[in-house]
Structures are given as structure tokens and as C-alpha cells.
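Taking my numbering, the leading residue of the sequence shown gets 1, the next gets one more, and so forth.
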Amino acid sequence: MERRDLFKGALAAGLSGVPQLPAQTPSAADIVIERAVSGMPHQGKVLALITPHLDDGPFFASGTVAKLLQEGYTGYFIRTSNDEKDSYDLTLGETVLGNERDARAFLQVSGLKQMFDLGYRNHRMDELTRTEIRARLIFLFRLLKVDTIFSYDPWGHYEENPDHYVTAQAVEAACWMSGGHLDMPEHFAAGLKPHSVSEKYYFARGPQLVNRVVDIGPTFETKLACLRACRTMVTHMIKELNAALVERRLRVPGLSGVGSAAIDEYTKAALEISDHTAGRKYGLDYAEAFHHIGPDRSMEDYIARHAVPL
Numbered sequence: 001m002e003r004r005d006l007f008k009g010a011l012a013a014g015l016s017g018v019p020q021l022p023a024q025t026p027s028a029a030d031i032v033i034e035r036a037v038s039g040m041p042h043q044g045k046v047l048a049l050i051t052p053h054l055d056d057g058p059f060f061a062s063g064t065v066a067k068l069l070q071e072g073y074t075g076y077f078i079r080t081s082n083d084e085k086d087s088y089d090l091t092l093g094e095t096v097l098g099n100e101r102d103a104r105a106f107l108q109v110s111g112l113k114q115m116f117d118l119g120y121r122n123h124r125m126d127e128l129t130r131t132e133i134r135a136r137l138i139f140l141f142r143l144l145k146v147d148t149i150f151s152y153d154p155w156g157h158y159e160e161n162p163d164h165y166v167t168a169q170a171v172e173a174a175c176w177m178s179g180g181h182l183d184m185p186e187h188f189a190a191g192l193k194p195h196s197v198s199e200k201y202y203f204a205r206g207p208q209l210v211n212r213v214v215d216i217g218p219t220f221e222t223k224l225a226c227l228r229a230c231r232t233m234v235t236h237m238i239k240e241l242n243a244a245l246v247e248r249r250l251r252v253p254g255l256s257g258v259g260s261a262a263i264d265e266y267t268k269a270a271l272e273i274s275d276h277t278a279g280r281k282y283g284l285d286y287a288e289a290f291h292h293i294g295p296d297r298s299m300e301d302y303i304a305r306h307a308v309p310l
């Protein structure tokens with residue numbers, strides 16, 4: 001998923017003292033700070049984490065997903081690519097298998113209920129028709145009755161990975177079209193019904209119009225576990241970082257191996273840097289930032305004021 005450069009930069013910042021993380025640019029509008037709430041206020045609601053690559057969610061959204069699951073949501077993971085490109089020195093087949101095993105481990109530690117793999121070839125999703133991906137997502141949104149999605153921002157700036165923006169744009173369109181009675185009407189013969197997605201949390205690798213910051217302090221340990229589960233990908237990042245450090249005649253003792261200890265050290269360092277940086281300006285220990293689009297409450301407010309019993 002090519003996030004290695006981001007965290008090579010982040011870890012290099014720890015060596016050089018120069019911040020190298022890409023900035024997220026807040027809008028002039030008020031930014032909502034979302035915090036944990038007690039009880040199960042979201043009981044009965046459904047969320048879907050939809051990403052092309054296994055480690056996208058663990059890096060950008062797993063703290064917020066864990067928070068919402070604790071508050072009553074049921075969650076699903078939809079992975080659009082087969083992750084065949086993300087390893088350091090494995091064959092293509094070994095890479096697919098390693099990431100498939102890691103995906104099952106991620107599902108367990110994240111608390112998500114089920115995974116749906118669409119299986120498109122990694123780094124080649126821009127050769128697909130968006131309508132095909134969109135149609136499959138519409139089916140899943142109706143089947144699962146998804147209320148809330150997490151995915152890449154379809155309008156994120158300077159996104160170089162085609163898997164990211166192709167998935168994001170298909171997700172955005174499917175959220176709307178899944179509620180239409182003339183979109184994929186054959187679904188209704190199978191017992192499905194129109195169902196619109198009403199809430200979106202969009203994340204991005206580069207500058208973004210951030211309007212929602214989520215306090216993930218209470219779920220940060222779960223986020224660490226989610227990223228640690230991506231062993232094949234994190235091992236790739238560690239080996240690539242070590243190779244770059246050798247060229248600079250440097251080494252980080254805690255990252256010198258490729259086992260669980262090195263994975264623990266790397267994930268903690270990477271997420272401490274990114275999530276503490278995101279939260280610090282809002283007085284939070286750790287945070288995730290999103291462009292959030294919530295349900296339109298204007299009609300509900302009108303109904304509350306004017307509706308009468310039949």
C-alpha cells in the first residue's frame with residue numbers, strides 16, 4: 001500500500017528531529033472532537049471498513065472502529081484488492097497467502113464480524129470499470145444494511161496509489177445508489193431492499209478537509225494489535241527501513257530482527273508518532289482525523305416539530 005515512505009519518514013524524524021509526516025489541513029469550519037460515550041448508544045447499527053489493502057484500516061481508522069464497536073455497532077471488513085504486491089522478499093503467491101492469513105488475524109483482534117474479499121489485483125484497480133466495483137458494493141451495503149462506512153477520501157489530494165482512489169470513488173457512489181429502487185432492482189427479487197449509507201468517515205494520506213477528530217486514547221492498544229496482525233506488510237516496512245538505514249551506516253537495535261519484537265517496536269513507534277501528532281493539537285493523547293459526512297437531520301427536525309399521529 002506504499003505507506004512505507006510515510007513511516008520511514010516518521011521514524012527518520014525521530015533520528016533527525018525534523019517532522020516528515022504529511023500535514024492534514026483543517027477547514028475553517030468547526031472541528032468536532034468525538035469522544036467515547038458510555039453504554040451502547042449505537043446498538044443495532046452496522047459499519048463497514050472498506051479498503052483496498054489490509055493495513056489501510058489499521059493505520060488510519062482502527063482506533064475509531066474499535067470505539068464504535070464498543071458502543072454497539074456490528075462491523076464488517078471489505079477488502080477490494082488481493083494485496084499481492086505487499087511483501088519484501090516473497091513470491092507473488094507467498095505474498096497473497098501471507099496477507100490472507102494476516103487478514104484473518106486482523107479480523108479477530110479488531111472485533112469485526114466478517115470479511116468480504118473482492119479479490120481485484122493489487123496496483124491494477126485502475127484498469128477496472130468503476131461500475132463493476134460499485135455494483136458489488138451496492139449488493140453488500142443492502143445485504144449487511146450498512147449505516148456507516150470508513151474508507152479513503154474520494155477527493156483526497158496527491159494520492160498516488162490507484163487502488164486507493166478507485167476504491168474510494170466506488171464506495172462514495174455506492175453509498176448513495178444503494179438506496180435507489182431503480183439501481184440494481186434484481187436484488188429485490190432475492191429479498192434485499194434499498195438501503196442508503198447515512199454516515200461516512202473518510203481518511204487520507206495527504207492534505208484533507210478535516211472536520212472530525214476522534215479521541216482514540218481508550219482504544220489505542222487495540223489499534224496497535226490491529227497493525228501488529230499485518231505481519232507480512234509490517235515486516236516489509238521493517239526490512240525496507242533497515243536497508244535504507246544501512247545505506248546511511250545506521251541501525252536501530254530494536255528493529256534489527258524481523259520477528260515479533262521488531263514488529264512490536266515498529267508498530268508502536270509508527271503509531272505513537274502519527275496518532276500522538278494528530279491528537280496533540282486538540283489536547284488528546286492519540287487521535288484519528290477524518291472528513292466526516294453525517295446524516296442530514298433537517299427533515300427529522302421538521303418531522304419532530306410538525307408530525308402528528310395517524
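Even glycine gets a Cβ: it sits at the ideal position worked out from N, Cα and C.
N-terminal and C-terminal residue of the alpha helix (DSSP H) that residue i is part of
i	result
isoleucine 133	130-144
tyrosine 165	162-177
glutamate 247	231-247
serine 256	Unbroken run through serine 256: none, as it is neither H nor E.
serine 110	92-110
histidine 306	298-306
histidine 157	Counting along the chain, histidine 157 falls outside any alpha helix (DSSP H), and DSSP gives it neither H nor E.
arginine 228	220-228
alanine 61	Here alanine 61 belongs to no alpha helix (DSSP H), and DSSP marks it neither H nor E.
histidine 181	Element bounds for histidine 181: n/a, residue is neither H nor E.
alanine 189	186-189
Beta-bridge pairing of residue i - partner residues as DSSP gives them
i	result
alanine 289	Val213
methionine 115	Phe77
isoleucine 149	Ala48, Lys200
glutamate 34	Val214
tyrosine 120	Ser81
C-beta atoms of residue i and residue j nearer than 8 angstroms
i	j	result
alanine 66	threonine 219	yes
tyrosine 120	leucine 107	no
glutamine 114	tyrosine 76	yes
aspartate 147	lysine 45	yes
leucine 192	arginine 142	yes
proline 194	histidine 181	yes
leucine 227	leucine 271	yes
aspartate 215	isoleucine 33	yes
leucine 47	phenylalanine 150	yes
valine 171	methionine 125	no
leucine 69	glycine 111	yes
tyrosine 202	tyrosine 152	yes
glutamine 169	proline 154	yes
alanine 174	leucine 144	no
valine 213	alanine 304	no
proline 295	glutamate 199	yes
tyrosine 88	histidine 187	no
Supposed close pair residue i, residue j - CB separation, criterion 8 angstroms
i	j	result
cysteine 230	aspartate 117	Not quite, the Cβ-Cβ distance comes to about 15 angstroms (not below 8 angstroms), so this is no contact.
histidine 53	aspartate 102	Incorrect: roughly 11 angstroms between the Cβ atoms, too far for contact.
serine 196	glycine 179	3 angstroms
valine 109	glutamate 71	Going by Cβ atoms, the distance from valine 109 to glutamate 71 rounds to 18 angstroms, so no, they are not a contact pair.
lysine 239	proline 58	At roughly 19 angstroms, the Cβ-Cβ gap does not stay under 8 angstroms, so lysine 239 and proline 58 are not in contact.
arginine 205	glycine 156	7 angstroms
glutamate 84	leucine 90	Going by Cβ atoms, the distance from glutamate 84 to leucine 90 rounds to 10 angstroms, so no, they are not a contact pair.
Enclosing beta strand (DSSP E) for residue i [first to last residue]
i	result
leucine 394	The shown model of the chain, from 1 to 310, leaves out residue 394, and the question about it has no answer.
leucine 49	46-51
tyrosine 201	199-203
Test: residue i CB closer than 8 angstroms to a CB of chain B
i	result
threonine 219	Looking at the structure shown, chain B is missing, and only one protein chain is on hand.
- Task: Could you tell me whether the stretch 227-242 touches the stretch 256-269, where touching means 3 or more Cβ pairs closer than 8 angstroms?
- Result: Contact between the stretch 227-242 and the stretch 256-269 is present: three or more C-beta pairs spanning the two stretches fall below 8 angstroms.
- Query: Can you find at least 3 beta carbon pairs, one from the stretch 290-300 and one from the stretch 205-222, that sit closer than 8 angstroms?
  - Reply: Using a Cβ-Cβ distance cut-off of 8 angstroms, the stretch 290-300 and the stretch 205-222 are in contact, since at least three pairs of beta carbons, one from each stretch, lie closer than that value.
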